[in-house]
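*Asks:*
Written as structure tokens, this is what we have:
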């Protein structure tokens, strides 16, 4: 059976983005350093166009899901939900990077190209319905990430972050692969549906159980949940700030998507045993992330630990497996997480005009008086991260906690509430610095229209979906895995 | 008679040696080599299962893993070179500035 | 009148947006001007962004002078242009005022309809849209007006408007004028959300919103270290409360399957989805913990006195009249649930009574005029909880209502005094102000009489009925505690009055020449609130005088414990007793504090307190202790030794001990925890990759074992 | 003795000895040589398992490509001063224990008598032929390489293309990180 060319339509957005990335790479060799900003804007336009292309081939939405490439690649609403969020995160990252990279001595062409290619990797990931296509896309994403983390290669922190991320990432991918090989040995196939059928036939096969555990551990690493989280704070601290923001959102979204796909479509039907590991990891993650953040002085590190804490909350969504609540709650939460985390990082980017200056909590001192708008925006993001209404963070947490309760995990929801209370302490250290402490001298603060625009967009989303969550909720509910 | 068990057992031993290498070595180069050992163990597993099950998917997966191993080696070595230029060392203990 | 209820909170929100925007635009223009000046002063400061160079710290110091920023006691930037001030004032007061007019437009017809048919009274519920839907459960953005929220709404908007008006005069010299009004409007919005909410999550929005505004406004003068420290204390205690609140909301959800206030009716009919007596008790206790945090009850009261670091109108509005009563409102709102758990009510009553007497006794010896009022607020809040705890929720709410008027009046009066004396808050440096500030004097006297419980002022009726309810319910110890507290209240209020207004001025003549009565925007609210302190009591005349309008009005909304009736004779007797106790307190204060005896020298030791020979003589007669006191001519110390001695142990523990051990402890505990967890985290996050990989492997092993052992 | 049994044990022994050599040699160069040994032995095991094409790829890519890369890097970052320093982790004891424990635990599970009941292996013919079907004909093509090729370019086309992007990223990344100067291409 020859390869059906019509399948290419399914990957038009990915193809387009790859082509643009390569084009930009070539363009970067001829354009002068001063005009590098153009590359960023083109990359941004490409991301927006890709977003449009996601929908163009499917004028009638009822034709979804479509599966192509010999059962490797699926276009369904679930993947579209994540693709939109991922593209948005990448676009925001580019906005954050404009001045950050422009004023750095490092070239922009490869940087934006790598961001686009990472994004391509993520897009392929969330559409993968075959373990090999998921795996290779994951590696595409991860490899670009290693390079981006070490992009400021003359900063020791940046290279250190890259080295740590690389060693642990490769290590975790080894563990993940070992798990996949065991799953293959038990299932004799690598498609998710095939695995599901094989699991249903012999749910207690030791190869399967061990395979599932190893795969879970490999994916836990990607979403930075305990005890596989240790890399995250170091990498966020060392990576260039826009990249840290990107890492905190984009790859995590993709990792949650494939976690959901692999465990719901692949491992779920046969054996729901995995929920106990997820619950254990969720509990541990919430505690480690929130407690670890308490002592941090570096804002990026603090946000890193906070994102670990959030990974713990989000994992609760998987516990709703088998009920109607878990997955939509997770998706709503991830959308809210993306909005507020990117927003908070955006303000850190604004505060940093030079290298790694402006990263400590004290650098926020007196911000409320010197730039009340920025302080108010940060306040909203922090409130949202804490989960205080009427912000989108509350909506997400509310759905997650109720879904955990409906799935019977009362103690976990309780722990979540307790840890949210703990999280207030470190988020409000920033609020306190902004509002109650007088800053010394001039703030290192640079208004930057691109960053401001991105932050305002996040702010609007945070408040709007906090007050009117229904569009987000119904979107998430319409985009479930079938 | 050599059975699947032998191959899987060997693969497992190889994987464990790789893991141990990552855990104990200070030199980033050797750590990278240990990771290659882990990937080889995976390939061994896949090939053995393929043989046992009479299914070609394992072979194909293994090709991709070899590709990934090559790509990772390239990036890993580039990181090692950068680290060496900055610190004059490829020792992981020297790349522990960020912590806590 | 037909207009949507949501307009009422929307108006202050609009005010917040307008004021915030105007102040932002002005601030941005100023910053640009400053920036240009700064660049002129530093022409060599280029814009080369050299990555990796860490020279950004320079300019941190030299910019200071060029900045022209004064880090003095107050926010003394250049005064805003008059047009901008007018704008802020008009928007700030106008939106809140309009909201008040709108609320009364709804309230008056509603109140009429309720009073004409109490049995058939139905709440007005206006649902805007479904906010959150999970499963069959929907949480709406919906506003509710029933008797309880109507009562809250009436005084929140009314007193709020007056305090906004007052702030126009009080804050006009502040550079952060616009910011202040923006916050104040935001507070009003949040408070109205809290009051008008139709379900607990929405109430929680308001709850957190008012907390946030309170927090930000405590830190309004944020170059004072103290404000930051106070903000921290408020933050920690309120978090403890909020934790209880959130769990309480989840508990209500678990008990009744809804967080809509319809659960009140369910509770009345004892329809619970699930729930054991212990469960109901736990939910009530958790909600009460939340109430304790917000309403400053033992042991979470410590933040309120420190919150006085904020501007005085804030103290009046947030930390006396409205926000701090939110806890009482919550308990009253959930009264039907509390009635299902009588043990929880007992807890409420005892905590309330304990807080009342403890705070009152601390208030006896305070010298800062705002501190006296702050402890008095804590004490009065204790009264309100006492009322709720003995099952007289309506009476508790009545006290909330009257208290809002006289306490706001007292705070604004003290603000007027502070304003007149150029930010002097120590009563030892006051005296003789009656002639200099006649309006302030008169209104404060009236409201002091009201809080002391002198007939026919407002506080008499509400306080007397609280004591009466406690007595009628057979809670004689609680009654006695309340009575003693009433005496103390009368004493410290008139101590305040005497030290401030009587006798002669104790500052320098130069200072004396600057004393002036406040402008009209400040005195008009004082007069209105003073009138309120006289009149509001008549809305809730005790049963012996006929129908109690307030209790009847509230009866559809709040529960009532079946109480034993007492005879009219007993009731009259109780009134006489409480009047006598209050009178005794006032008499003693008048006798001991003449305000004329000693001269206060600024910076002198606190021994130089103003007390009369009568007090001196009294303490001389009380033995060795008294001699010490008398020798030092220090009546306050005597009071502390004599009156506080029964509470010495609890007092030391709770006041200093709890504060130091628990709250500071909690603050410091976070430091200790940070150390501890830091070690723990460091154990795993050593910075070394191989240890990270080890953690990873241990994680894999742990999970594998976990699955295998199951 | 069946030669495949003999060769299995030989290759297995070389694999394990090579792997142990990688993680115990002080000098990275020696480790690299042991790694080469392991790669070659694993290729031998592949042949025993009827994976001829993969064996070739293993030798070409690993022994030919990756090893050279390693050797280049070792020469580039030739560090001699660490000769005296301990070359293993201080917590090596725990680590070895953990690694070994992992081996015992999971190995015990895998090799436990009840766990692998797979029976005799399937007919290797399945790995050496591929069936090509289209509307008109059904052709059976012999050979492992052919089978792999058909799989790779037909069923695994998408991952194959993604892998090409992956390798491109590897190239860009190596250039970005490895380039000495910060100047752009001008």
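Residue numbers (this note's numbering), protein chains in the order written: chain A, 1 to 482; chain B, 1 to 100; chain C, 1 to 710; chain D, 1 to 186.
The beta carbon of each residue, even a glycine, is placed where N, CA and C say it ideally should be.
Using a Cβ-Cβ cut-off of less than 8 Å, list which residues of the segment 8-28 of chain A approach chain C; keep chain order.
*Replies:* From the segment 8-28 of chain A, no residue has a Cβ closer than 8 Å to chain C.
*Asks:* Answer with yes or no whether the minimum CB distance from residue 201/C to chain A is below 8 Å.
*Replies:* Stepping through the third chain from its first residue, residue 201/C is reached at position 201. Yes, residue 201/C lies at the interface with chain A (some Cβ there is under 8 Å from its Cβ).
*Asks:* Can you pull the chain B residues whose beta carbon is under 7 Å from the beta carbon of residue 69/D, in chain order?
*Replies:* Stepping through the fourth chain from its first residue, residue 69/D is reached at position 69. Ordered by position in chain B, the residues that pass the 7 Å Cβ test against residue 69/D are 73, 74, 77.
*Asks:* If we count the other Cβ atoms within 10 Å of its Cβ and call it buried at 16 or more, is residue 301/A buried or exposed?
*Replies:* The residue given as residue 301/A occupies position 301 in the first chain. It counts as buried.
*Asks:* Roughly how many angstroms lie between the CA atoms of residue 156/D and residue 481/A, to the nearest whole one?
*Replies:* Sequence index remark: in the fourth chain, residue 156/D carries index 156 (1-based). Sequence index remark: in the first chain, residue 481/A carries index 481 (1-based). Taking the straight line from one Cα to the other gives about 24 Å.
*Asks:* Please classify residue 133/D: does DSSP put it in a helix, a strand, or coil?
*Replies:* The residue you call residue 133/D lines up with position 133 of the fourth chain. Residue state, collapsed to three classes: strand.
*Asks:* Can you check whether the C-beta of residue 38/B is within less than 8 Å of a C-beta belonging to chain C?
*Replies:* The residue given as residue 38/B occupies position 38 in the second chain. So, not an interface residue.
*Asks:* Taking the alpha-carbon of residue 581/C as reference, which of 508/C, 487/C, 398/C, 530/C has the nearest alpha-carbon?
*Replies:* Sequence index remark: in the third chain, residue 581/C carries index 581 (1-based). Of 508/C, 487/C, 398/C, 530/C, the residue nearest in Cα terms is 487/C.
*Asks:* Name the two residues that bound the continuous beta strand (DSSP E) containing residue 140/C.
*Replies:* To locate residue 140/C, count along the third chain from 1; it is residue 140. Its beta strand (DSSP E) spans residues 137-145.
*Asks:* Closer than 7 Å by beta-carbon distance: list the chain D residues that pair up with residue 150/A, in chain order.
*Replies:* Here the question's residue 150/A lines up with position 150 in the first chain. Within 7 Å Cβ-Cβ: 177.
*Asks:* Could you tell me whether any Cβ in chain A is nearer than 8 Å to the Cβ of residue 82/B?
*Replies:* Locating residue 82/B in the second chain gives position 82, where the first residue counts as 1. Yes, contact with chain A.
*Asks:* Taking 8 Å as the cut-off, decide whether the C-beta atoms of residue 162/A and residue 249/A are in contact.
*Replies:* By 1-based counting over the first chain, the position of residue 162/A is 162. By 1-based counting over the first chain, the position of residue 249/A is 249. Not a contact, by the Cβ cut-off of 8 Å.
*Asks:* Quick one: what does DSSP say residue 18/B is sitting in, helix, strand or coil?
*Replies:* Residue 18/B sits at position 18 when you count from the first residue of the second chain. Correct three-state label for residue 18/B: helix.
*Asks:* Less than 8 Å separating the beta-carbons of residue 185/A and residue 207/A?
*Replies:* Taking the first residue of the first chain as 1, we reach residue 185/A at position 185. Taking the first residue of the first chain as 1, we reach residue 207/A at position 207. In this structure, residue 207/A lies closer than 8 Å to residue 185/A by Cβ.
*Asks:* Within the 8 Å Cβ cut-off, does residue 31/D reach chain G?
*Replies:* In summary, chain G is missing from the structure at hand, where the protein chains are A, B, C and D.
*Asks:* Please report the distance separating the alpha-carbon of residue 493/C from that of residue 369/C.
*Replies:* In the third chain, the residue the question calls residue 493/C occupies position 493. In the third chain, the residue the question calls residue 369/C occupies position 369. Those two C-alpha atoms are separated by around 10 Å.
*Asks:* Which class does residue 50/D belong to by DSSP, given the choice of helix, strand or coil?
*Replies:* Position 50 of the fourth chain holds residue 50/D. DSSP places residue 50/D in coil when its eight states are reduced to three.
*Asks:* Please name the residue or residues paired with residue 691/C in a DSSP beta bridge.
*Replies:* What you label residue 691/C is simply residue 691 of the third chain in a count that begins at 1. Beta-bridge pairing links residue 691/C to no other residue.
*Asks:* Between the C-alpha atoms of residue 703/C and residue 694/C, what's the straight-line distance to the nearest angstrom?
*Replies:* Position 703 of the third chain holds residue 703/C. Position 694 of the third chain holds residue 694/C. Their backbone Cα atoms lie some 14 Å apart in a straight line.
*Asks:* To the nearest angstrom, report how far apart residue 586/C and residue 445/C are at their CA atoms.
*Replies:* To locate residue 586/C, count along the third chain from 1; it is residue 586. To locate residue 445/C, count along the third chain from 1; it is residue 445. Straight-line Cα distance between these residues: approximately 12 Å.
*Asks:* Using three-state DSSP, classify residue 81/B as helix, strand or coil.
*Replies:* Within the second chain, numbered from 1, the residue matching residue 81/B stands at position 81. Looking at residue 81/B - three-state DSSP - the assignment turns out to be helix.
*Asks:* Note down, in chain order, every chain C residue with its Cβ under 7 Å from the Cβ of residue 92/B.
*Replies:* Within the second chain, the letter at position 92 stands for residue 92/B. In chain order: 688, 689, 690.
*Asks:* Among 273/A, 134/A, 369/A, whose alpha-carbon lies nearest the alpha-carbon of residue 166/D?
*Replies:* Here residue 166/D is taken as the residue at index 166 of the fourth chain, counted from 1. When each option's Cα is compared against that of residue 166/D, the closest is 134/A.
*Asks:* Which residues of chain B have a Cβ atom closer than 9 Å to the Cβ of residue 70/A, listed in chain order?
*Replies:* Start at 1 with the first residue of the first chain, and residue 70/A comes out as number 70. Neighbours of residue 70/A on chain B: none; closest Cβ ~11 Å, over 9 Å.
*Asks:* Is there at least one Cβ from chain B nearer than 8 Å to residue 20/D's Cβ?
*Replies:* Residue numbering aside, residue 20/D sits at position 20 when the fourth chain is read from its first letter. Yes, because at least one Cβ of chain B sits closer than 8 Å to the Cβ of residue 20/D.
*Asks:* In chain order, which continuous runs of the beta strand (DSSP E) of length 3 or greater are located wholly inside the segment 62-121 of chain A?
*Replies:* Listed in chain order, they are 66-68, 73-75.
*Asks:* Report the CB separation of residue 59/D from residue 45/D in whole angstroms; it is logged as a contact under 8 Å.
*Replies:* Within the fourth chain, numbered from 1, the residue matching residue 59/D stands at position 59. Within the fourth chain, numbered from 1, the residue matching residue 45/D stands at position 45. Not a contact, Cβ separation roughly 12 Å.
*Asks:* Could you check whether the Cβ of residue 706/C sits closer than 8 Å to any Cβ belonging to chain A?
*Replies:* Indexing the third chain from 1 puts residue 706/C at position 706. Chain A, which has a Cβ nearer than 8 Å to the Cβ of residue 706/C, makes this yes.
*Asks:* Note down the Cα distance separating residue 299/C from residue 292/C, rounded to an integer number of angstroms.
*Replies:* By one-based count along the third chain, residue 299/C stands at place 299. By one-based count along the third chain, residue 292/C stands at place 292. Taking the straight line from one Cα to the other gives about 8 Å.
*Asks:* Using CA atoms only, rank isn't needed, just tell me which of 395/A, 453/A, 311/A, 83/A is closest to residue 374/A.
*Replies:* Your numbering for residue 374/A matches position 374 in the first chain. Ranking the options by Cα distance to residue 374/A, first place goes to 453/A.
*Asks:* What's the C-alpha gap between residue 408/A and residue 135/C?
*Replies:* Position 408 of the first chain, counted from the first residue, corresponds to residue 408/A. Position 135 of the third chain, counted from the first residue, corresponds to residue 135/C. Roughly 15 Å between the two C-alpha positions.
*Asks:* Under 8 Å between beta-carbons, which chain B residues line up against residue 35/D? List them in chain order, please.
*Replies:* Here residue 35/D is taken as the residue at index 35 of the fourth chain, counted from 1. By Cβ distance, chain B contributes 33, 36, 37.
*Asks:* Could you work out which residue in 47/A, 289/A, 437/A is closest to residue 86/A when comparing CA atoms only?
*Replies:* Translated into the one-based positions of the first chain, residue 86/A becomes position 86. Selected option, being the one with the closest Cα: 47/A.
*Asks:* With residue 388/C and residue 396/C assumed to form a contact (beta carbons below 8 Å), what rounded beta-carbon distance in angstroms separates them?
*Replies:* Reading the third chain from its first residue, position 388 is the one you call residue 388/C. Reading the third chain from its first residue, position 396 is the one you call residue 396/C. About 4 Å separates the two Cβ atoms, so the contact holds.
*Asks:* 8 Å is my cut-off, CB to CB: does residue 698/C come that close to chain B?
*Replies:* As a first step, residue 698/C must be located in the third chain, where it is residue number 698. It does not: the Cβ of residue 698/C has no partner Cβ on chain B nearer than 8 Å.
*Asks:* Any beta-carbon of chain D closer than 8 Å to the one on residue 355/A?
*Replies:* Position 355 of the first chain, counted from the first residue, corresponds to residue 355/A. For residue 355/A, the predicted structure reports a pLDDT of 46, less than 50, and the residue's modelled location is therefore unreliable. The matter cannot be settled from this model.
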